[in-house]
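The next block holds one structure in the form of structure tokens; read it before the comments.
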């Protein structure tokens with residue numbers, strides 16, 4: 001087996017991984033950095049983010065306001081010390097991206113332009129038309145080529161971490177192009193592998209978003225935190241789940257039901273004004289909007305699309321062609337190419353689809369996991385800023401803010417870490433390779449893993465969807481346990497070495513089933529409703545007394561995870577009522593009056 | 001109403017497994033209920049239900065990650081945004097992108113392309129260095145427009161599959177990398193133009209282009225690499241002329 005030695009190993013080369021690599025290269029120019037990605041870096045799913053990235057820049061805005069919107073949006077399950085740090089670092093990171101060439105959209109005088117976004121009281125979302133993630137990713141990738149000490153392993157699939165003496169010391173990877181295994185030994189390891197939305201049926205995620213890093217860390221005893229909080233994005237393409245950015249509503253788009261009625265006013269988000277109002281109606285947070293869709297569907301006020309999905313309409317017609325071309329060109333292109341309609345003239349049928357994993361690998365404010373030498377950043381991590389519901393345009397900021405922290409912290413850790421004992425570690429890598437080969441070559445009972453994947457996605461949607469019931473969540477948990485058994489009996493069509501994507505999909509499914517189980521078991525255990533976790537079986541209210549706490553799913557081989565709880569850090573925002581629209585404004589006013597009194 | 005589930009579409013897909021197959025050959029698959037599918041969805045259906053060994057790259061499904069470029073009925077296309085309903089009736093032919101070595105089935109070698117991107121210094125070399133504390137650079141909408149379309153390249157390589165010059169000479173820098181070069185050269189914040197121009201004077205550089213313009217026709221993102229190539233020819237010629245003057 002080929003082996004490599006490096007100081008810092010980064011798994012995942014999307015926004016967080018690339019930002020970490022650059023930060024590490026700048027923090028210690030002598031450090032050797034290995035950057036592993038299962039795809040070419042510019043294919044990473046950061047590429048699909050559309051709307052933009054939040055950072056306070058207007059003179060009437062403040063870090064406190066961004067903090068309050070984030071904590072309020074997260075239904076007080078955010079770690080407030082981490083949110084405070086995060087909002088203070090967003091704007092500097094966005095400026096750094098600007099210096100590296102990110103083509104942010106501008107005002108006529110050449111200053112940065114910002115747009116409104118859901119759940120944000122003041123406009124603070126920096127955007128590059130509606131291709132913000134694409135431009136951030138390409139800017140970071142292209143900038144990373146400046147640093148010769150970043151050694152990329154493009155198209156290398158990570159099979160497992162190498163952990164020895166209670167410390168992460170590398171990873172075992174497989175090259176899809178050849179089927180060859182190698183071991184990369186490192187003094188510090190950063191996971192930046194993205195989310196896990198593909199465990200659900202209808203989702204906005206790319207095929208690669210399979211929770212690999214979450215499962216790897218989890219199997220080595222690192223808890224997955226707050227996994228029950230899965231975000232449904234309210235405006236997606238029925239059938240495929242492809243995303244229509246929140247920027248559509250930030251720019252003034254309406255959501256209407258089958259009768260052309262702006263139904264959000266019936267769900268505590270009104271009043272319906274012609275001009276968009278921040279933190280109201282279409283600019284409410286994603287959890288509330290997805291829940292309103294579900295209610296509207298139950299009332300029979302949705303349409304059924306040719307794909308057999310329920311949908312409401314996104315109305316962008318009043319924005320006019322010129323604005324659509326300038327601000328939402330990708331959206332317009334998707335509607336025209338994929339659905340054969342021009343949003344300047346026609347309504348777009350949309351519905352919620354799974355978009356984002358709020359939870360992930362537990363880390364502290366420095367991105368350090370409980371496993372020494374292991375750091376995590378980006379969607380795969382749970383650093384504590386999203387709580388029970390992430391606000392749109394807080395995830396791209398997370399990639400850069402915490403990607404950078406991870407790179408710097410890993411450099412610091414690597415400096416003091418003892419050298420790796422390659423001789424001993426290679427045996428672990430060989431065992432990981434053998435395990436992967438066993439899945440490929442097992443005789444099995446003739447069942448295809450694609451069947452299991454579809455059953456997993458269907459049961460996650462049924463049991464862990466927008467609204468949840470204890471009985472259905474239990475069924476999902478049972479189903480996942482059954483699927484894990486059946487994975488041991490699948491038969492692959494392909495046992496070859498070169499570009500065996502049948503094999504890679506099976507390995508990804510193995511990761512997905514563990515992550516899905518952590519989600520479902522954490523959901524079942526949380527007997528309250530908060531943010532994106534809403535129950536209809538007697539636990540419809542938020543219960544701060546018992547559940548103002550982070551869930552922690554602990555892996556157990558061959559059994560369901562243990563679910564325990566850890567404290568939430570509350571500093572300056574005491575848990576209060578979470579309201580939007582007119583009621584939200586009243587509460588905010590009352591709070592202000594109270595402070596002044 | 002016709003039942004789309006009954007509609008079956010035939011796909012002829014180029015298959016090749018190195019070490020097993022002496023040469024690539026077509027495999028034929030019938031996909032039921034395919035009328036509203038993209039070519040990518042049809043390939044996924046084949047892989048999930050008929051033959052798990054079929055290999056192809058894909059990810060985002062929304063024409064932005066650039067993974068799923070392939071020849072569809074002889075034209076370079078993104079499989080995710082090419083819909084079977086829009087293709088003429090009859091079997092659909094799917095092959096790997098032209099002009100690249102086939103690694104397996106629809107998977108081609110991408111390493112050479114990535115090296116070309118890296119070779120043109122694809123990053124800002126600041127005109128006036130600034131710290132983060134000093135804030136963002138100003139860039140007017142007109143200055144942004146000067147390079148914005150070139151920054152939209154998704155690296156899908158369709159233009160390389162269409163480019164006759166790249167087909168003749170795999171070392172030709174090619175339309176995608178040229179567009180990226182122009183993206184930075186045209187950026188008001190950048191001062192790296194001279195360094196980049198040096199990379200395109202040579203025999204594999206901008207002058208290899210024979211101005212067919214098909215790169216821009218096949219681009220799924222309207223990047224217009226042919227325009228980038230032209231601007232670079234002008235810049236290259238001007239640069240050459242200036243050098244001549246300097247020598248005097």
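Chains as they are written, first to last, in full-length UniProt numbering: chain C, 1 to 597; chain R, 1 to 248. Glycine included, C-beta positions come from ideal geometry on N, C-alpha and C. Note that the structure is predicted; figures quoted are calculated from it, not measured.
*Looking at chain R, which residues of the stretch 480–499 of chain C have a Cβ within less than 7 angstroms of any of its Cβ atoms?*
492, 493, 494, 496, 498, 499
Review point. Looking only at DSSP bridge pairs, what is residue 5 of chain C linked to?
Key: C:185
Can you tell me whether residue 356 of chain C is helix, strand or coil according to DSSP? strand
(message) In the DSSP assignment, the alpha helix (DSSP H) including residue 72 of chain C goes from what residue to what residue?
(response) 63–73
Just to confirm my understanding: we take residue 455 of chain C, look at its own chain, exclude 5 residues before and 5 after, and list those with CB closer than 8 angstroms. What are they? 479, 483
Pick out whichever of R:69, R:190, R:169 has its Cα sitting closest to the Cα of residue 108 of chain R. R:69
Can you tell me the Cα-Cα spacing of residue 14 of chain R and residue 50 of chain R, whole angstroms?
16 angstroms
Cβ pair count under 8 angstroms reaching 3, the stretch 216–233 of chain C against the stretch 310–327 of chain C:
no
Checklist entry - Are three or more beta carbon pairs between the stretch 64–76 of chain C and the stretch 158–172 of chain C nearer than 8 angstroms? => result no
| field | residue 148 of chain R and residue 103 of chain C closer than 8 angstroms at C-beta | value | yes
* To the nearest angstrom, report how far apart residue 394 of chain C and residue 19 of chain R are at their CA atoms. => 48 angstroms
Contacts around residue 156 of chain C, its chain only, beta-carbon distance under 6 angstroms, and the 5 residues preceding and following it disregarded: 36, 173, 175
> I think residue 197 of chain C touches residue 356 of chain C, with their Cβ atoms under 8 angstroms apart; what is that distance to the nearest whole Å?
Replying inline: 7 angstroms
Are the beta-carbon atoms belonging to residue 101 of chain C and residue 124 of chain R less than 8 angstroms from one another?
yes
### Query
Tell me the DSSP bridge mates of residue 231 of chain C?
C:356
Q. At which residue ranges does the stretch 461–492 of chain C contain complete alpha helix (DSSP H) runs of 4 or more residues, listed in the order of the chain?
A. 470–487
N- and C-terminal bounds of the alpha helix (DSSP H) containing residue 605 of chain C
An answer regarding residue 605 of chain C cannot be provided, because it is not within the stretch 1 to 597 covered by chain C.
8 angstroms Cβ cutoff met for residue 377 of chain C and residue 403 of chain C
yes
Starting from the beta carbon of residue 187 of chain R, find every residue of chain C whose beta carbon is closer than 7 angstroms, and list them in chain order.
-> 101
Closer than 7 angstroms by beta-carbon distance: list the chain R residues that pair up with residue 622 of chain C, in chain order. In the structure displayed, chain C extends from 1 to 597; residue 622 of chain C sits before or after that span and is not available.
key: Same chain only: Cβ atoms within 7 angstroms of residue 474 of chain C, ignoring 5 sequence neighbours per side   = 524
Which residue's Cα is closest to the Cα of residue 293 of chain C: C:46, C:449, C:232? C:232
Note down, in chain order, every chain R residue with its Cβ under 7 angstroms from the Cβ of residue 501 of chain C. 55
DSSP three-state assignment for residue 140 of chain R, whether helix, strand or coil:
coil
| field | Residue-chain proximity (residue 1 of chain R, chain C), Cβ-Cβ < 8 angstroms | value | Residue confidence is low: residue 1 of chain R scores 40 on pLDDT, short of 50, so the model does not pin down where it sits. Its coordinate-derived value is still stated next. Judged by the 8 angstroms Cβ criterion, residue 1 of chain R is not in contact with chain C.
Review point. How would you label residue 70 of chain C, buried or exposed, when you count the other beta carbons within 10 angstroms and need 16 or more for buried?
Key: buried
> Quick check: the stretch 574–583 of chain C against the stretch 277–286 of chain C, are there 3 or more CB pairs under 8 angstroms?
Replying inline: yes
Euclidean distance between Cα positions of residue 125 of chain C and residue 79 of chain C:
22 angstroms
Can you name the residues of chain R whose CB is closer than 7 angstroms to the CB of residue 409 of chain C? Going along chain R, no residue has its Cβ under 7 angstroms from residue 409 of chain C, so there is no contact; the nearest lies around 19 angstroms.
- Going by Cα to Cα distance, which pick from R:140, R:78, R:24 is closest to residue 219 of chain R? R:78
For this session: Answer with buried or exposed for residue 19 of chain C, where buried requires no fewer than 16 other C-beta atoms within 10 angstroms of its C-beta.
Result: buried
Practice prompt. Tell whether a beta-carbon distance below 8 angstroms holds between residue 410 of chain C and residue 188 of chain C.
Written response: yes
Residue 384 of chain C to residue 1 of chain C, Cα distance in whole Å? 39 angstroms
- Item | Chain-ordered chain C contacts of residue 216 of chain R [CB-CB under 8 angstroms] | What residue 216 of chain R touches in chain C: nothing, since even the nearest Cβ is about 17 angstroms away.
| query | Within the 8 angstroms Cβ cut-off, does residue 145 of chain C reach chain R? | reply | yes
Practice problem: Measuring alpha carbon to alpha carbon, tell me which of C:363, C:322, C:366, C:352 ends up nearest residue 345 of chain C. | Solution: C:322
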